[in-house]
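Each remark here refers to the structure printed beneath this line.
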Amino acid sequence: MAALLALLPLATLLSAAVVLRPRDEETPQRHRLAIVRAALAVGAGAVLSVEALSLAGAIARGPVIALWAIAAVVTGYLAWRRRPVDWQISWPPLYLAIPVALLVLAELVLALASAPNNFDSNSYHLPKIEHWVADGDLDNYATLQVQQIILVPGAEFLLLHLRLLTGGDGLFNLLQWGAGLLGAVAVSRCAAQLGAGRAGQWLAAAVFLTAPAVVLESSSTQNDLVVVAWVTCAATIALDTSSRDVLSLAAAAGLVTVTKSTGLMALAPVLAYWGVAQLRERRIARTAAYSALVIAAMALLAGPSFLRVHDAFGSPLGPPAYRTSLSTERHDPPAILVNALRLGASTLLVPVPAVNEAVGKAVVGVAHLVDVDPNDPAITQWRSIFPGTRWKPDEDRSPYPVQSALVLVGLAVGLFSRRTRPYALMVLGAFLLTAAVVKWQDWGNRLILPAFSLAVPLAGVWLERIARRKVVAAGVALVMAAAFAHAAAAVLLGQPRRLIGHGSVFTVDDWQERFARLPGQAASYRSAIDEVRAAGARRVGLVIEGDFWEYPIQIELPDTELVSVQSDVPTAPAASVTSVDAVICVSSAELCRRVVPADWRYRQIDPYVVTAFPPA
């Protein structure tokens, strides 16, 4: 029954698509535009509703069910009023539609069969959701993992709705799966707006959907595909160059801002493209007014989150040390060039070490030529060393060489075509901004997905154009076959979730699956949780340091009050260790010893996991 409540947002989305269907029959790809409009409206409404419920201290299951029930009834009634609906859909090319459908279906099976099991989700994406549910609001709380407070929470707001509707995380992976589909709808419409025919639109969707980074995240609780979806929705609306959809553009801008900062480097050129198009139509006053509306939407959707971060750390961007660890500290042209080459080379890694070594040496050679250290800390994340050699289908690091090569060629060709040049310049701006802001890092391939996704429509246009020649068409078919093969390998044998082979989601239990990234600690966490439960502790102190995981403890002790007895949030002091019935510490042994009183019963389960109980 609980899972059925998740159909309320789906029903709302489908009804909203009918309600927001363009009335103008001449609107390009109007059915896809209806889906984009509906997704943006529902997404913005979901974010705003969380903020509103927080103000009332009412983040709870009952209010959320009521909100979605009302939304489904209202949009359903409005959709009924707009009947009949004429959904004339042209038949897709089967040679693309069938493999795309099989790939998406396999991803759906994996998403439904998998438990959240990546590092980021278990350390900060999902724990913050459990804190909000426990507290009933979004206020800052005590924690050592400041990412839970600093990072914008747009995707987590959407997951919060699923959490309260269903009572668990069984459907969490569907958010990114759905975001991937929305991104494909948006990039295919962009391709159509740039002049691609039916084949070019499907080629664009296929290039996007087969990128292993997209495939692997489609069954994940990361947030990269969510921000990609909002960025591509903004792009297709901006390409219309009309002012009719300014509310949708504003919603897209706000959703990008509240979801992930890496999306802003792609969003800025999109907004600039739209603004220039408006000015060319001599809509100066209207452009100024609509620009103000877009900025207002960004402030409305993301402003409260930034204010909470500012309250905690004195800056809406968090502590300076955290910002500089991820963002570049050099912005001179040589540094940007080297960073851009490293980011591009990382996406092009192939399972041939000699090729990767040659590409890496070429980039290092350019770096030395322009007098830039290829591992300058000012443009390199502190734990990463270029060149990276990881090419396996891993969610955090997987390259996408076929798709990246197609996109880069499409961008180059697009710059020489009068029709696509403005859009190609916009994409180039997104890549350069990303290179100017995002430090190179081992897991950076997924961080440049917003800029990559903007370039995908150019690949569709280019591929369709050259495929008109029969000889070249065979080559295009081989390239796309390679793209689908790489995508299939990612969904079948990827990490940390796979359909077949050792560690398949069908051969391991839920707990081991959750610890696919930390298999050696599954037993330790279980032992600590069981000890606390057996002791009957009602209030448990936590010390979770660095990248260790809080989420498994939260979901296994749902009726226990969990409080942090250490905090790096200045405005949220930690609870006193003497106020708890037990402590679970997952950190360095030195910190655990320092926190736990000397006379407590102390058990070191493994080098990092500790339980402690007060004297009898």
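Residue numbering for the sequence shown follows our numbering, beginning at 6 and increasing consecutively.
Every residue gets a Cβ at the ideal spot worked out from N, C-alpha and C, and that includes glycine.
Shortest Cα-Cα distance from L83 to any of A21, G50 and P121 involves A21. Taking all protein chains shown into account, T352 has 16 or more neighbouring C-beta atoms within 10 Å of its C-beta and is therefore buried. L143 sits close to W137, with the two beta carbons spaced by under 7 angstroms.
Note on the stretch 170-257: whole alpha helix (DSSP H) runs with a minimum of 4 residues are 178-198, 203-215, 217-222 and 229-244, in chain order. In this structure, L208 places its C-beta atom within 7 angstroms of the C-beta atom of L468.
Per DSSP, T512 lies in no alpha helix (DSSP H) and is assigned neither H nor E. Using a Cβ distance threshold of 7 angstroms, V591 and A617 do not count as a contacting pair.
Check the Cα spacing between S320 and each of S54, L60, L13 and V574: the tightest is with V574. A check of alpha carbon separations from P27 across S128, L110, S126 and D245 identifies D245 as the nearest. If you look at V275, you'll find it isn't in any beta strand (DSSP E); it sits in the alpha helix (DSSP H) that goes L269 to R285. For T17, the closest C-alpha among the options N450, G141, S253 and L72 is that of L72.
The three-state reading of DSSP puts A49 in helix, counting H, G and I together. With a cut-off of 8 angstroms on Cβ pairs, the stretch 506-523 is not in contact with the stretch 595-602, counting fewer than three such pairs. In this structure, I384 lies near A340, with their beta-carbon atoms less than 7 angstroms apart. If you draw a straight line from the Cα of A478 to the Cα of M485, it comes to about 10 angstroms. DSSP places E595 in the uninterrupted alpha helix (DSSP H) bounded by A594 to V600.
According to the DSSP secondary-structure assignment, E566 is paired through a beta bridge with R544.
Assigned with DSSP and collapsed to three states, D399 falls in strand.
Of the residues P104, A43, V79 and I549, the one whose Cα lies closest to the Cα of A239 is A43. When the five nearest sequence neighbours on each side are left out, the beta carbons in the same chain lying within less than 7 angstroms of the beta carbon of A429 are those of L416, G419, L420 and L463, in order along the chain.
An exposed status is given to L483, since fewer than 16 other beta-carbon atoms sit within 10 Å of its beta-carbon. Around the beta carbon of E222, 16 or more other beta carbons lie within 10 angstroms, which makes this residue buried. Counting of Cβ neighbours within 10 angstroms places Y146 among the buried residues, the total reaching 16 or more.
If you look at Y295, you'll find it in the alpha helix (DSSP H) that goes I289 to F318. Taking all protein chains in view, the Cβ of G159 is crowded by 16 or more other Cβ atoms within 10 Å, so the residue is classified as buried.
Between L562 and the set A139, V510 and L99, the nearest pair of CA atoms involves A139. When the five nearest sequence neighbours on each side are left out, the beta carbons in the same chain lying within less than 8 angstroms of the beta carbon of T576 are those of N145, D316 and A317, in order along the chain. Rounded to whole angstroms, V236 and G268 show a C-alpha spacing of 7 angstroms. Rounded to the nearest whole angstrom, the CA to CA distance from S403 to A184 is 19 angstroms. Here the C-alpha atom of E161 lies approximately 10 angstroms from the C-alpha atom of L167. Under the three-pair Cβ rule at 8 angstroms, the stretch 499-516 does not count as touching the stretch 436-452. If you look at R426, you'll find it in the alpha helix (DSSP H) that goes R426 to V442. Below 8 angstroms, enough C-beta pairs join the stretch 249-257 and the stretch 293-313 to call them touching: three or more. Annotated as proximal: L165 and I134, with beta-carbon spacing under 7 angstroms. Here the stretch 39-55 makes contact with the stretch 183-202; the two share three or more CB pairs at distances below 8 angstroms. Of the candidates A191, H36, R423 and L348, the residue whose Cα lies closest to the Cα of V364 is L348.
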